[in-house]
Amino acid sequence: MSEHAVSIDVREIMRYLPHRYPFLLVDRVTEFEANTRIKALKNVTINEPFFVGHFEQYPVMPGVLIIEALAQAAGILAIKSQGERAENELYFFVGIDNARFKRQVVPGDQLVFEVEQIALKRGIGKYAARALVDGQVACEAEIMCAKREV
4 MSEHAVSIDV REIMRYLPHR YPFLLVDRVT EFEANTRIKA LKNVTINEPF
54 FVGHFEQYPV MPGVLIIEAL AQAAGILAIK SQGERAENEL YFFVGIDNAR
104 FKRQVVPGDQ LVFEVEQIAL KRGIGKYAAR ALVDGQVACE AEIMCAKREV
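Just so we're aligned: the sequence shown equals residues 4 to 153 in the working numbering.
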């Protein structure tokens with residue numbers, strides 16, 4: 004077991020992220036190293052609301068939602084590294100580079116998100132992110148998130 008193993012459940016995740024059903028896409032955090040990296044999970048079930056229309060005969064998780072889930076994991080890394088999120092601040096997804104999709108994600112899969120911080124300057128973080136299913140890369144990208152007062 005990793006020295007950075009943690010068990011952060013969805014109730015604690017909801018303290019860091021403002022997202023709620025059906026848009027909260029991270030179920031649990033299993034590893035965390037402040038200002039460095041995070042590992043998190045999403046259990047994909049047939050009950051996801053997007054499967055109704057994507058696609059009825061062959062349900063596939065939309066790639067943009069996998070990217071969003073990676074951005075949420077990056078947000079948890081950024082916020083938890085600071086300790087908490089002030090009530091008047093949010094982290095916005097502001098950029099994506101080199102996004103690639105390698106395999107489809109279907110009901111019954113467990114997505115494992117691995118996000119590493121590349122840089123943090125003036126409230127903007129850059130992250131190397133990938134989503135895996137059964138050890139195979141489903142998606143990888145570089146993601147940027149920015150802290151802003153609202």
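We put the CB at the ideal spot given by N, CA and C, even for glycine.
**Report entry** Length of the line joining the Cα atoms of A131 and P62
**Finding:** 27 angstroms
Requested in this report: Out of F53, A102 and R151, state which residue places its alpha-carbon closest to the alpha-carbon of R125.
Outcome: R151
Query raised in the report: By how many angstroms is the C-alpha of F104 removed from the C-alpha of I82?
Result: 27 angstroms
Report task. Pull up the distance between the alpha-carbon of E6 and that of E117, whole angstroms please. Result -> 16 angstroms
Query raised in the report: For Q75, does the three-state DSSP call read helix, strand or coil?
Result: Note: Q75 maps to helix in three-state DSSP.
Query raised in the report: Taking just the CA atoms, how far does V13 sit from F35?
Result: 15 angstroms
Report task. Name the residue from E51, V153 and S84 whose alpha carbon lies nearest to the alpha carbon of R40. Result -> S84
Query raised in the report: At what residues does the alpha helix (DSSP H) containing V140 begin and finish?
Result: No alpha helix (DSSP H) contains V140, which is instead part of the beta strand (DSSP E) from Q139 to E152.
Report task. Classify F26 as buried or exposed, calling it buried when 16 or more other Cβ atoms lie within 10 Å of its own Cβ. Result -> exposed
Query raised in the report: To the nearest angstrom, how far is it from the Cα of E51 to the Cα of L93?
Result: 25 angstroms
Query raised in the report: For the putative contact between I16 and I70, defined by C-beta atoms under 8 angstroms, what is the C-beta separation to the nearest angstrom?
Result: In fact, because the Cβ distance is near 18 angstroms, the residues do not count as touching under 8 angstroms.
Query raised in the report: When the Cα atoms are used, what is the spatial distance from T33 to K45?
Result: 11 angstroms
Query raised in the report: Just the Cα atoms here: how many angstroms apart are V55 and N91?
Result: 35 angstroms
Report task. Below 8 angstroms on the Cβ atoms is my guess for I11 versus A74; work out the distance and round it to an integer in Å. Result -> That pair is no contact at about 17 angstroms.
Query - Helix, strand or coil at F58 [DSSP, three-state] - result: coil
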